[in-house]
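*Asks:* Pasting a structure here, questions to come.
In our numbering, the protein residues as written are 2 to 148.
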């Protein structure tokens with residue numbers, strides 16, 4: 002059965018057609034570019050003056066930031082594939098296509114002994130909010146999916 006036919010027959014609402022979904026996609030893309038620029042241009046300079054333990058925490062949080070954004074974007078692209086008819090809602094609901102790394106991504110990790118670089122703090126906060134938004138969308142879709 003074609004993906005769109007399955008969506009119609011099962012009554013699954015695919016959020017790819019909503020403004021909220023598109024806003025989440027655009028917000029994620031913008032934050033990905035901002036994070037890339039930060040890591041490429043600023044992170045090393047901000048890490049130098051930190052105590053070793055805080056430099057290690059900063060590296061951990063940069064990893065958390067990139068993991069969050071990669072998970073969100075992969076999930077969003079899966080939802081776009083459903084909307085485009087490339088995947089069925091049932092295929093998209095598989096565990097390996099759901100939003101992942103919840104333990105790592107939901108933790109905020111603001112445990113610096115000194116001051117966290119403000120730009121990193123902003124990126125972490127905004128990526129956390131985006132991840133929480135994606136979790137809500139993922140759960141909404143999962144509740145309406147046929148397994």
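Don't be surprised by glycine CBs; every beta carbon is placed ideally from N, CA and C.
Please read these numbers as outputs of a predicted model, since none were measured by experiment.
Let me confirm a value: residue 106 is counted as buried when at least 16 other C-beta atoms fall within 10 Å, else exposed. Which label applies?
*Replies:* Under this definition residue 106 is a buried residue.
*Asks:* Check whether the Cβ atoms of residue 34 and residue 131 lie closer than 8 Å to each other.
*Replies:* No, they are not a contact pair.
*Asks:* Does the beta-carbon of residue 139 have 16 or more other beta-carbons within 10 angstroms, so that it is buried, or is it exposed?
*Replies:* Classification for residue 139: buried.
*Asks:* For the stretch 102–141, list the alpha helix (DSSP H) runs that are entirely contained and at least 4 residues long, ordered along the chain.
*Replies:* You should have 103–107.
*Asks:* Between which two residues does the alpha helix (DSSP H) holding residue 83 run?
*Replies:* Element bounds for residue 83: 53–84.
*Asks:* Can you look up residue 99 in the DSSP assignment and give me helix, strand or coil?
*Replies:* Coil.
*Asks:* Taking the continuous alpha helix (DSSP H) assigned at residue 94, which residues delimit it?
*Replies:* That residue, residue 94, is in no alpha helix (DSSP H); it is neither H nor E in DSSP.
*Asks:* State whether the stretch 93–109 contacts the stretch 43–53, with contact taken as three or more CB pairs (one from each stretch) at a distance under 8 Å.
*Replies:* The stretch 93–109 vs the stretch 43–53: no contact.
*Asks:* Can you find at least 3 beta carbon pairs, one from the stretch 57–66 and one from the stretch 83–101, that sit closer than 8 Å?
*Replies:* As far as the Cβ criterion goes, the stretch 57–66 does not touch the stretch 83–101, which means the pair count is below three.
*Asks:* Mapping the DSSP letters down to three states, classify residue 90 as helix, strand or coil.
*Replies:* The answer is helix: DSSP assigns residue 90 an H, G or I state.
*Asks:* Under 6 Å Cβ to Cβ from residue 93, same chain only, skipping five residues before and after it: list those, please.
*Replies:* Closer than 6 Å at Cβ, skipping near neighbours: 79, 83.
*Asks:* Go ahead and pull the three-state DSSP assignment for residue 49.
*Replies:* Looking at residue 49 - three-state DSSP - the assignment turns out to be coil, as it is neither helix nor strand.
*Asks:* Using CA coordinates, which residue listed in 143, 124, 134, 144 is at the minimum distance from residue 65?
*Replies:* Minimum Cα distance to residue 65 is reached at 124.
*Asks:* For residue 68 and residue 135, which I take to be in contact (beta-carbon distance under 8 Å), what is that distance rounded to the nearest angstrom?
*Replies:* 13 Å between Cβ atoms; not a contact.
*Asks:* Taking just the CA atoms, how far does residue 117 sit from residue 54?
*Replies:* Their Cα atoms are separated by approximately 12 Å.
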